[in-house]
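Those letters in the sequence shown? Residues 1 to 473, per this note's numbering, in order.
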Amino acid sequence: MDIAIIGAGAAAVALLDALDPSDVRSVTVFDPSESPWRGRPYRPDLDSVLVNVPPQIMSIRFGDREHYARWLDGQAGVHIDERLGAPVPPRAFYGRYLEDTAEAALARFAKSEVVPSVVTGVSLDGRPTVRTADGRTRTADRVVLCVGGGAPHDLYGLAGAPGFAADPYPLARTLADVPSGRDVAVIGAGLTAVDIVVSLAARGHTGRISLVSRSGTLPFVWQRPARTGIRHLTPERLLSLDGPVTLDGFADLIRAELAERGESWDELAAWIDAAMRRDPAANLREQLAMVDAPQLARRIVQEAAHTAGPLAWRLLPAGDRERLRARHFRTVTSLASPMVPCNAAVLLDLFEAGTLEALSGIEKVEAGARFRITHAAGVRTADVVINAVNPPPHAIPRTAEALASSLLAQGAAQDPDGGLAIDFGTGRVVVGDRPDPRLHVVGDLAGGGPFLVSGIPGVAAQAHRAARSFRSR
Ligand SMILES: Cc1cc2nc3c(=O)[nH]c(=O)nc-3n(C[C@H](O)[C@H](O)[C@H](O)COP(=O)(O)OP(=O)(O)OC[C@H]3O[C@@H](n4cnc5c(N)ncnc54)[C@H](O)[C@@H]3O)c2cc1C
Numbered sequence: 001m002d003i004a005i006i007g008a009g010a011a012a013v014a015l016l017d018a019l020d021p022s023d024v025r026s027v028t029v030f031d032p033s034e035s036p037w038r039g040r041p042y043r044p045d046l047d048s049v050l051v052n053v054p055p056q057i058m059s060i061r062f063g064d065r066e067h068y069a070r071w072l073d074g075q076a077g078v079h080i081d082e083r084l085g086a087p088v089p090p091r092a093f094y095g096r097y098l099e100d101t102a103e104a105a106l107a108r109f110a111k112s113e114v115v116p117s118v119v120t121g122v123s124l125d126g127r128p129t130v131r132t133a134d135g136r137t138r139t140a141d142r143v144v145l146c147v148g149g150g151a152p153h154d155l156y157g158l159a160g161a162p163g164f165a166a167d168p169y170p171l172a173r174t175l176a177d178v179p180s181g182r183d184v185a186v187i188g189a190g191l192t193a194v195d196i197v198v199s200l201a202a203r204g205h206t207g208r209i210s211l212v213s214r215s216g217t218l219p220f221v222w223q224r225p226a227r228t229g230i231r232h233l234t235p236e237r238l239l240s241l242d243g244p245v246t247l248d249g250f251a252d253l254i255r256a257e258l259a260e261r262g263e264s265w266d267e268l269a270a271w272i273d274a275a276m277r278r279d280p281a282a283n284l285r286e287q288l289a290m291v292d293a294p295q296l297a298r299r300i301v302q303e304a305a306h307t308a309g310p311l312a313w314r315l316l317p318a319g320d321r322e323r324l325r326a327r328h329f330r331t332v333t334s335l336a337s338p339m340v341p342c343n344a345a346v347l348l349d350l351f352e353a354g355t356l357e358a359l360s361g362i363e364k365v366e367a368g369a370r371f372r373i374t375h376a377a378g379v380r381t382a383d384v385v386i387n388a389v390n391p392p393p394h395a396i397p398r399t400a401e402a403l404a405s406s407l408l409a410q411g412a413a414q415d416p417d418g419g420l421a422i423d424f425g426t427g428r429v430v431v432g433d434r435p436d437p438r439l440h441v442v443g444d445l446a447g448g449g450p451f452l453v454s455g456i457p458g459v460a461a462q463a464h465r466a467a468r469s470f471r472s473r
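As structure tokens, this is what we get:
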């Protein structure tokens with residue numbers, strides 16, 4: 001069959017790697033990027049922009065956890081996070097792994113091509129036809145949307161204001177314009193904000209850095225990976241439960257899982273609750289001291305958020321999903337997507353030196369001679385404002401808006417929580433009232449999932465399911 005893949009980021013690489021060449025006559029990949037296969041996160045950038053996850057869970061090949069580790073073994077001079085005891089290289093370095101994997105995968109197909117154009121539409125009339133911005137068309141048997149998530153939204157209408165960076169990446173470009181002694185405010189306190197602070201520090205920034213967000217809480221800190229041996233919090237166990245899966249039922253599974261290790265969910269929940277209220281520097285100090293702690297409880301909950309979480313979310317009643325989103329969004333994202341210890345140590349040093357602060361209750365940001373940021377405890381001014389707001393889950397990236405509109409106009413269904421409605425087992429897009437076998441999504445455009453951004457294991461699993469559904473045998 002002829003396959004058209006729209007977007008050349010990690011999701012496309014995972015898909016190319018998962019395809020069985022005997023199913024494929026040709027592959028055409030569309031992406032206007034100057035550095036295909038790297039997507040948004042793994043483009044060339046500063047060396048201080050690090051991979052956020054230990055190598056054990058950065059394999060792009062579903063079912064082969066060692067694939068990335070084997071590639072890393074052949075590389076010289078990889079930066080080790082001493083506390084984590086694992087390599088944590090720059091994200092651009094990881095991008096080379098994606099490039100190598102894509103090139104090896106493409107070499108297996110009889111015919112392949114990368115078209116450096118934006119796709120603006122797909123016609124589903126008969127054999128799907130892909131249309132690019134330069135007016136060219138190409139037909140295929142299967143079309144896979146791998147367009148990624150969105151960029152930060154400009155929540156405070158600051159676009160065009162001098163000193164405002166709407167999209168921080170690449171930081172090599174954004175920070176080049178930031179004089180060292182100026183006061184910088186970062187809108188947001190997630191992993192993008194951490195990248196910005198660490199990169200400012202690496203450049204020797206001496207001005208004040210203010211992280212301003214709604215909650216004022218930072219991501220948790222990774223613990224050293226350990227084998228968790230999860231037995232209850234698995235997708236299989238969830239599917240075998242009698243009756244509906246509820247939030248309370250899910251908490252019972254966590255309780256059972258931890259009790260088998262002699263640990264307690266109620267104690268962990270109380271600790272998490274306290275951490276969400278505590279001063280960020282105190283959290284960093286405590287969590288840096290816990291990187292090596294032998295207890296598995298936090299590791300189990302964090303791992304399960306990514307492995308069982310996507311299915312659990314789909315099985316939960318709407319009211320429970322809303323409860324989780326409304327009350328626990330920040331806690332779940334902070335816990336499920338922690339920062340690497342070497343970055344935590346940089347932030348702690350800056351907090352202790354008094355050059356970094358975290359302000360909560362952001363209300364508004366106004367441009368003027370200096371930016372005025374109103375937060376819960378008053379007003380902070382800054383010379384430079386860098387946007388690190390996470391786009392909403394399953395957002396449609398700006399570059400894919402025309403493409404998404406063309407599909408919606410032909411009956412593709414939108415998920416009420418964002419993204420396109422898909423069939424979970426195959427990634428097929430629902431068109432009319434049925435999954436269409438000609439149209440797939442791999443990546444965050446797939447609606448119906450939880451509010452966590454898919455990491456590499458998530459996109460690798462989705463790519464595996466899509467490739468499996470292409471098999472002719
Ligand atoms: C800043 C950042 C850091 C991250 N760090 C990590 C990490 O360390 N570990 C981890 O596991 N996960 C991380 N993630 C999660 C990340 O989402 C996944 O790792 C992965 O990059 C998602 O890949 P993707 O291919 O779905 O999207 P992307 O990597 O965004 O790639 C999408 C591609 O589609 C192209 N495209 C979009 N629209 C069109 C169109 N209309 N026509 C043609 N091409 C189009 C874009 O040019 C882009 O190249 C990070 C995410 C971000 C945003």
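C-beta atoms are modelled at their ideal positions from N, C-alpha and C, and glycine is treated no differently.
Residue i, enclosing alpha helix (DSSP H) - first and last residue
{"i": "Val72", "result": "In the sequence under discussion, the amino acid at residue 72 is Leu, which differs from the Val named in the question. 67-73 is the span of the alpha helix (DSSP H), which, as asked, contains Leu72."}
{"i": "Ala201", "result": "191-202"}
{"i": "Ile300", "result": "297-307"}
{"i": "Leu15", "result": "10-18"}
{"i": "Val459", "result": "456-470"}
{"i": "Asp444", "result": "From DSSP, Asp444 is part of no alpha helix (DSSP H); its letter is neither H nor E."}
{"i": "Ala486", "result": "The question about residue 486 has no answer, for the chain in this structure spans 1 to 473."}
Distance between beta carbons of residue j and residue i, contact taken as under 8 Å
{"i": "Gly148", "j": "Gly419", "result": "The Cβ separation is near 12 Å, so there is no contact."}
{"i": "Ile362", "j": "Ser213", "result": "6 Å"}
{"i": "Val115", "j": "Thr132", "result": "7 Å"}
{"i": "Ile300", "j": "Leu258", "result": "7 Å"}
{"i": "Asp17", "j": "Thr101", "result": "6 Å"}
{"i": "Ala92", "j": "Tyr42", "result": "6 Å"}
{"i": "Phe220", "j": "Ser405", "result": "Phe220 to Ser405, Cβ: 38 Å. No contact."}
{"i": "Asp167", "j": "Thr246", "result": "Actually they do not touch by this definition, with Cβ atoms about 39 Å apart."}
{"i": "Leu124", "j": "Val431", "result": "7 Å"}
{"i": "Ile6", "j": "Val178", "result": "Not a contact, Cβ separation roughly 35 Å."}
{"i": "Ala388", "j": "Gly190", "result": "7 Å"}
{"i": "Leu253", "j": "Leu233", "result": "5 Å"}
{"i": "Pro128", "j": "Arg438", "result": "5 Å"}
{"i": "Leu324", "j": "Gly121", "result": "Contact flag wrong, Cβ pair sits at about 36 Å."}
Sequence-distant residues of its chain with Cβ nearer than 7 Å to residue i (five each side left out)
{"i": "Leu175", "result": "Ser199, Leu200, Arg203"}
{"i": "His79", "result": "Pro87, Val88, Pro89"}
{"i": "Asp81", "result": "Val88, Val340, Pro341, Cys342"}
{"i": "Val365", "result": "Tyr156, Leu158, Ile187, Phe371, Ile373, Val385"}
{"i": "Asp134", "result": "Ser117"}
{"i": "Ala395", "result": "Gly149, Gly150, Gly418"}
{"i": "Leu72", "result": "Pro55, Val78, Pro87"}
{"i": "Ala226", "result": "Leu296, Arg299"}
{"i": "His153", "result": "Val389, Pro391"}
{"i": "Gly85", "result": "Arg224"}
Where the beta strand (DSSP E) through residue i begins and ends
{"i": "His440", "result": "434-441"}
{"i": "Val501", "result": "Residue 501 lies beyond the stretch modelled for the chain, which goes from 1 to 473, so this question has no answer here."}
{"i": "His375", "result": "371-375"}
{"i": "Gly121", "result": "119-123"}
{"i": "Thr129", "result": "129-132"}
{"i": "Ser26", "result": "26-30"}
{"i": "Gly378", "result": "378-382"}
{"i": "Ser210", "result": "209-212"}
{"i": "Val430", "result": "428-431"}
{"i": "Ala138", "result": "It should be pointed out that residue 138 corresponds to Arg in this sequence rather than to Ala. 137-139 is the span of the beta strand (DSSP E), which, as asked, contains Arg138."}
{"i": "Asp2", "result": "2-6"}
{"i": "Ala185", "result": "184-187"}
Own chain partners of residue i with C-beta closer than 6 Å, once the 5 adjacent residues on each side are dropped
{"i": "Ala161", "result": "Ala367"}
{"i": "Arg182", "result": "Gly207, Asp383, Val384"}
{"i": "Ser59", "result": "Arg65, His67, Tyr68"}
{"i": "Pro435", "result": "Asp423, Arg428"}
{"i": "Gly39", "result": "Gly9, Ala10, Gly148"}
8 Å CB neighbourhood of residue i in its chain, flanking five on each side removed
{"i": "Arg524", "result": "A query on residue 524 cannot be resolved here, the shown segment of the chain reaching from 1 to 473 and no further."}
{"i": "His375", "result": "Val212, Leu359, Ser360, Gly361, Ile362, Glu363"}
{"i": "Thr399", "result": "Pro32, Val118, Val147"}
{"i": "Arg314", "result": "Phe424, Gly448, Gly449"}
Contact between the segment 445-454 and the segment 302-315: three or more CB pairs below 8 Å?
yes
Notebook entry, point to check: Should the segment 287-299 be called in touch with the segment 410-417, which here means at least 3 C-beta pairs below 8 Å?
Noted result: no
Uninterrupted alpha helix (DSSP H) stretches inside the segment 144-180 (no shorter than 4 residues): 171-174
Q: Taking 8 Å as the threshold, find out whether the segment 226-239 comes into contact with the segment 338-355 through three or more Cβ pairs.
A: no
Determine, using beta-carbon pairs with one atom in the segment 422-441 and one in the segment 23-43, whether at least three such pairs fall under 8 Å. no
| query | Is the segment 457-468 close to the segment 434-442, with three or more CB pairs under 8 Å? | reply | yes
Below 8 Å, can you find three or more Cβ-Cβ pairs linking the segment 324-333 to the segment 260-269? no
Runs of alpha helix (DSSP H) wholly within the segment 340-366 (minimum 4 residues, chain order) | 341-353
query = Whole alpha helix (DSSP H) runs in the segment 235-303 with 4 or more residues, listed along the chain?
reply = If we require 4 residues or more, the alpha helix (DSSP H) runs fully inside the segment 235-303 come out as 235-240, 247-259, 265-277, 280-289.
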